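Reading through the C-alpha cells given below for one structure.
Protein chains: 2
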Amino acid sequence: MSKAREDGGTGTLGKAIAVLEVVANAKNPMRFTDLLAEIDQPRGTLHRQISNLIDEGLLQVNPDNSYGLGLRLLKFASNAWAGNQFREIAEPHLRSLHEKAGETIHLGVLQGIEVIYLDKVESRQSVRMYSQIGNASPAFCTGIGKAAFSLLPDEEMYKRAQRIVFNRYTANTLPDADAFLAEIAKIRASGNAFDREEHENGIHCVAAPVGAVHRAFYAGISVTAPVYRVGKEQLEGWADAVRETAAAIEDDMRLKLGPRG
Amino acid sequence: MSKAREDGGTGTLGKAIAVLEVVANAKNPMRFTDLLAEIDQPRGTLHRQISNLIDEGLLQVNPDNSYGLGLRLLKFASNAWAGNQFREIAEPHLRSLHEKAGETIHLGVLQGIEVIYLDKVESRQSVRMYSQIGNASPAFCTGIGKAAFSLLPDEEMYKRAQRIVFNRYTANTLPDADAFLAEIAKIRASGNAFDREEHENGIHCVAAPVGAVHRAFYAGISVTAPVYRVGKEQLEGWADAVRETAAAIEDDMRLKLGPRG
DNA sequence: AACAAGGTTCCAAATAGTGGAATTTTGACT
DNA sequence: AGTCAAAATTCCACTATTTGGAACCTTGTT
Chain U
2 MSKAREDGGT GTLGKAIAVL EVVANAKNPM RFTDLLAEID QPRGTLHRQI SNLIDEGLLQ
62 VNPDNSYGLG LRLLKFASNA WAGNQFREIA EPHLRSLHEK AGETIHLGVL QGIEVIYLDK
122 VESRQSVRMY SQIGNASPAF CTGIGKAAFS LLPDEEMYKR AQRIVFNRYT ANTLPDADAF
182 LAEIAKIRAS GNAFDREEHE NGIHCVAAPV GAVHRAFYAG ISVTAPVYRV GKEQLEGWAD
242 AVRETAAAIE DDMRLKLGPR G
Chain Z
2 MSKAREDGGT GTLGKAIAVL EVVANAKNPM RFTDLLAEID QPRGTLHRQI SNLIDEGLLQ
62 VNPDNSYGLG LRLLKFASNA WAGNQFREIA EPHLRSLHEK AGETIHLGVL QGIEVIYLDK
122 VESRQSVRMY SQIGNASPAF CTGIGKAAFS LLPDEEMYKR AQRIVFNRYT ANTLPDADAF
182 LAEIAKIRAS GNAFDREEHE NGIHCVAAPV GAVHRAFYAG ISVTAPVYRV GKEQLEGWAD
242 AVRETAAAIE DDMRLKLGPR G
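Following this line, the structure appears as C-alpha cells:
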C-alpha cells in the first residue's frame, strides 16, 4: 500500500475528507489500524474523526470492522449530478456527437489530477451507469484528462503535474512528467488529445477540451472505441467533430449561463 | 421555503455537512444570502464554511453565483456504491424477485427519516440510473421506508417519528404520526409494508424489511407497479415472495459477512 | 487462562473556528 | 455613464473545539 498521502487541505474539514479519500482509494478493506498507518494522525484524533464521519453518514462500519463510504454520499451525488448545469447543457451535444461517430461518448471534468466522468452516451446500455459515471481515472493517461489539463494556466499545470504518480498501465502509458508536458504542448497546438491505449490495452480515444478558464472549470469530451473495431485513421477522422462539439458546448454555456459561464 | 433546519450534528464537520444538506434540498438555486437566511450562522462563519467546502470540491459556484454540490461527491458516491457489501449480496436476490414479479424492484436503506435507493432492477433500462439510485424519498410514505422503520427499536422509532414532516403528496398520504405509528404496528405484525399511492398517484408497492438490527442497519426491498397495470390483489399476491426474498438476503448476509452481518 | 493486538476513552494544552463590524464588490436604477 | 443599495468578502480579538499522549478496555488467539 503506497503511503502517498495528501494532507487534508482546509483545516478540520480537510482532514475529515482526507480520511474519506483514503477509504475511497483503498484497494482492500481497511480497519482502524490500517487507516492509522495510512493517515498520520494520533490514534485518539483519528478515532474521533472516524466517529464523526460515521455520525454524519459519510462513513460506515462493515461487519468485519473495516470501513466503507457511507450511503449519505449517494444522496449528495445524486443531487450533484442532477443539478449540474454544465452536464445538462452538454447532454444534447453529446448525443449528436454519438450519432455522428456511433461510438461511446464521455464527458469528464478535471478534479485535481483526476478525471471524474460526468456523463456517457453509448448505444447499448449494457453496463450499469454507476460503473462509469462518478468514476475517477488518472488525468495523465486519459484523453479527457490530458485535454482538460491543456486548459490549465501554466503555473497551475506545473503544480499539478508534480503531484502525478506515473503508474504504468500499458506499454503506451506516458512514463514521466517530461513526456506528459510535451504531450500537453501538442494538444494546445492541435486542439485534440488522444489516448492511444495508454490506460487500457485495446481501447483508444480522441478528446477535446471544454472549459471556462476564468471560472477554473476544466473539462473534456471524448469518443472512445476498441482498437479492433476502429482503426487509428478512423479515430483521427473524428477529431474535428469532437473539437466542434466541444466548441458548441462552450458556446451554449455562454448563451445559457451568461458571458461568465 | 420551509425554515426546517437541523443543526449539524457533530461539531465543525456537522455544520459543514448541514450546509451541503441545505444546498442539496434547495428547490431553487441558492446564493449566499439565501443560505444565510436558511442556516442560522453569522455571515463570516458561513462564508468561511462555504469557502472550505468549495476548496474541498464538495461545493461549486455556478456562473450566477448560486451554489451547487461539488463533483467530488460523484467520485465518493461511485465508490460508496461499488464497495457496498450489502448491495452486492442483495443484487442476485433482487434479480430473481424481478423474474417472479416482472415489475420494478427497489432496494433502499433508511438514512435518518429518508430512504436512499441503493439499487433497482427493471425490465427496460429506460431512465438514467442516477435519476433513481441515490435518490432520497421520505420514509413515511414509501413502502421501503415504512418497512425499514418497522425494524427500529421503539425508542429510536419514536425519536425519528417526531422529526417527520407529514407533507401531503396524495389523498392517501398518511396524515400524521398516529396514523404512521399504527401503520408500523401492522407492518411488524404482518412482515409486509404497502405504499398505496401514498407518495405518487397511480403508483403502489409491496415491501418487506431487511436489516441487521444490532448493527443499526435498516433497509427494505419492494416491488413497485403502476395501478393501471397491476391491481390490488395481484400486488398483495407478491407479498410472500417479497418477504421470502428479504429473508434470503438476510440469510445470505449472515452467511457471507459472518453472524454479526 | 493468559496474552497480544486492535479499538476506545480521557483531559489539559493548543489550535482552529467564531462572529461582529468594517470594507469591497456587484448590479440595478436612474 | 453615475449613483446608490444590496450582496459578498475580509479582518481579528475572543473562545469553543480539536488535539494527542497515555491509560484503559475488548476481542480474538495460542
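These protein sequences, in sequence, are chains U and Z.
So the number in this note's numbering is just where the residue sits in the first sequence, counting from 1, plus 1.
So the number in this note's numbering is just where the residue sits in the second sequence, counting from 1, plus 1.
We treat Cβ as the ideally placed atom computed from N, Cα and C, and that holds for glycine.
It should be emphasised that the depicted structure is a prediction, and the values quoted were computed from it without experimental measurement.
- Message: Measuring alpha carbon to alpha carbon, tell me which residue in Pro176/U, Asp41/U and Gly192/U is nearest isoleucine 165/U.
- Response: Closest option to isoleucine 165/U, Cα to Cα, is Pro176/U.
- Query: What residues in the segment 73 to 87 of chain U have a beta carbon less than 8 Å from any beta carbon of chain Z?
  - Reply: Cβ proximity to chain Z below 8 Å picks out Arg73, Leu74, Leu75, Lys76, Phe77, Ala78, Ser79, Asn80, Ala81, Trp82, Ala83, Gly84, Asn85 and Gln86 from the segment 73 to 87 of chain U.
- Message: Am I right that isoleucine 117/U and glycine 135/U are in contact with their C-beta atoms under 8 Å? What's the rounded C-beta distance?
- Response: Contact holds; Cβ gap of about 7 Å.
- Message: By alpha-carbon positions, which one of Arg44/Z, Leu36/Z, Glu123/Z and Leu119/Z ends up nearest to lysine 101/Z?
- Response: Closest by alpha carbon: Glu123/Z.
- Please work out which residues of its chain come closer than 8 Å, Cβ to Cβ, to methionine 130/U, disregarding the five sequence neighbours upstream and downstream, and give them in chain order. Any reading at methionine 130/U must be qualified, since the residue scores a pLDDT of 48, below 50, and its modelled position is unreliable; no value is offered.
- For the segment 104 to 119 of chain Z, which residues have a beta carbon sitting closer than 9 Å to at least one beta carbon of chain U? The segment 104 to 119 of chain Z vs chain U, Cβ under 9 Å: Val110, Gln112, Gly113, Glu115, Ile117, Tyr118 and Leu119.
- Identify each residue in the segment 149 to 181 of chain Z for which the Cβ-Cβ distance to at least one residue of chain U is less than 9 Å, and report them in chain order. Answer set for the segment 149 to 181 of chain Z: empty.
- Query: glycine 238/U: buried (16+ other C-beta within 10 angstroms of its C-beta) or exposed?
  - Reply: So glycine 238/U counts as exposed.
- Message: Could you check whether the Cβ of leucine 236/Z sits closer than 8 Å to any Cβ belonging to chain U?
- Response: Chain U places no beta carbon closer than 8 Å to that of leucine 236/Z, leaving this residue out of the contacts.
- Message: Just to confirm, is the Cβ distance from isoleucine 90/Z to methionine 254/Z under 8 Å?
- Response: Yes.
- Item | Span of the beta strand (DSSP E), counted from its first residue to its last, around proline 176/Z | Where proline 176/Z is concerned, there is no enclosing beta strand (DSSP E), given that its DSSP letter is neither H nor E.
- Message: If we define contact as Cβ-Cβ less than 8 Å, is methionine 2/U a contact residue for chain Z?
- Response: In this prediction, methionine 2/U scores a pLDDT of 33, lower than 50, which makes its location untrustworthy; the coordinate-derived value is nonetheless stated afterwards. No, no contact with chain Z.
- Using a Cβ-Cβ cut-off of 8 Å, state whether proline 64/U counts as contacting chain Z. It does; some Cβ of chain Z falls within 8 Å.
- Span separating the alpha-carbon of glutamate 199/U from that of glutamate 92/Z: Distance between the alpha carbons of glutamate 199/U and glutamate 92/Z is about 33 Å.
- Message: Does chain Z have any CB closer than 8 Å to the CB of isoleucine 250/U?
- Response: Judged by the 8 Å Cβ criterion, isoleucine 250/U is not in contact with chain Z.
- the segment 9 to 39 of chain U: which residues have C-beta closer than 7 Å to a C-beta of chain Z, in chain order? Residues of the segment 9 to 39 of chain U with a Cβ closer than 7 Å to any Cβ of chain Z, in chain order: Gly10, Thr11, Gly12, Thr13, Leu14, Gly15, Ala17, Ile18, Leu21 and Ala25.
- Counting only the same chain and skipping the five closest in sequence on each side, list residues whose C-beta sits under 6 Å from that of glycine 69/U. So the list reads Gln61 and Asn63, once near-sequence residues are dropped.
- Using a Cβ-Cβ cut-off of 8 Å, state whether alanine 190/U counts as contacting chain Z. For alanine 190/U, the answer is no, since every Cβ of chain Z falls outside 8 Å of its Cβ.
- Task: Tell me, to the nearest whole angstrom, how far the beta carbon of leucine 98/Z is from that of alanine 242/Z; I am working on the premise that it is less than 8 Å.
- Result: The Cβ separation is near 6 Å, so the contact holds.
- Task: Quick one: list the residues of chain Z neighbouring glycine 135/U, beta-carbon separation under 7 Å, in chain order.
- Result: Per Cβ cutoff of 7 Å: Leu75, Lys76, Ala78 and Ser79.
- Does the distance from the CB of alanine 19/U to the CB of asparagine 53/U come in under 8 Å? Cβ distance not < 8 Å, so alanine 19/U and asparagine 53/U don't count as in contact.
- Item | Proximal residues of chain Z, C-beta to C-beta of glycine 146/U below 7 Å | Here the premise fails: no neighbours, minimum Cβ distance about 14 Å.
- Task: Can you say whether glycine 58/Z is buried or exposed, counting buried as having 16 or more other CB atoms within 10 angstroms of its CB?
- Result: The residue is buried, with at least 16 neighbouring Cβ atoms inside 10 Å.
- Meets three-Cβ-pair contact criterion under 8 Å: the segment 203 to 210 of chain U and the segment 223 to 230 of chain U: Yes, the segment 203 to 210 of chain U is in contact with the segment 223 to 230 of chain U.
- Message: Does arginine 129/Z come out as helix, strand or coil in the three-state DSSP assignment?
- Response: Low per-residue confidence applies at arginine 129/Z: pLDDT is 46, beneath 50, and the placement is therefore not dependable enough to give any value.
- Item | Boundaries of the beta strand (DSSP E) in which valine 116/Z is found, first to last residue | Bounds of the beta strand (DSSP E) holding valine 116/Z are 115 to 122.
- Task: Would you mind working out which of Phe181/U, Leu119/U and Asn168/U sits nearest methionine 158/U, comparing C-alpha positions?
- Result: The shortest CA-to-CA distance from methionine 158/U to any of Phe181/U, Leu119/U and Asn168/U is the one to Phe181/U.
- Message: Residues in the same chain with beta-carbon distance under 7 Å from arginine 244/U, minus the five sequence neighbours each way, listed in chain order, please.
- Response: Gly192, Asn193 and Ala209, listed in sequence order.
- Three-pair Cβ contact test at 8 Å for the segment 70 to 83 of chain U versus the segment 30 to 46 of chain U: The segment 70 to 83 of chain U is not in contact with the segment 30 to 46 of chain U.
- Message: Quick check: the Cα distance between aspartate 56/U and histidine 94/U, rounded to an integer number of angstroms?
- Response: CA-to-CA, the gap between aspartate 56/U and histidine 94/U works out to about 41 Å.
- Message: For aspartate 196/Z, report the span of its alpha helix (DSSP H) as first-last.
- Response: That residue, aspartate 196/Z, is in no alpha helix (DSSP H); its beta strand (DSSP E) goes 194 to 197.
- Task: May I have the straight-line CA-CA distance separating alanine 137/Z from alanine 183/U, to the nearest angstrom?
- Result: A straight line joining the alpha-carbon of alanine 137/Z with that of alanine 183/U spans about 46 Å.
- chain U contact residues for leucine 70/Z, given Cβ-Cβ distances below 7 Å: Ordered by position in chain U, the residues that pass the 7 Å Cβ test against leucine 70/Z are Phe77, Asn80, Ala81 and Gly84.
- The beta strand (DSSP E) enclosing glutamine 61/U, as first and last residue numbers: Per DSSP, glutamine 61/U belongs to the beta strand (DSSP E) from 60 to 62.
- Rounded separation between alanine 178/U and arginine 197/U - CA only: Near 17 Å, if we compare the C-alpha coordinates of arginine 197/U and alanine 178/U.
- Message: Measuring straight from C-alpha to C-alpha, what distance separates glycine 146/U and valine 211/U?
- Response: Between glycine 146/U and valine 211/U, the C-alpha separation is close to 11 Å.
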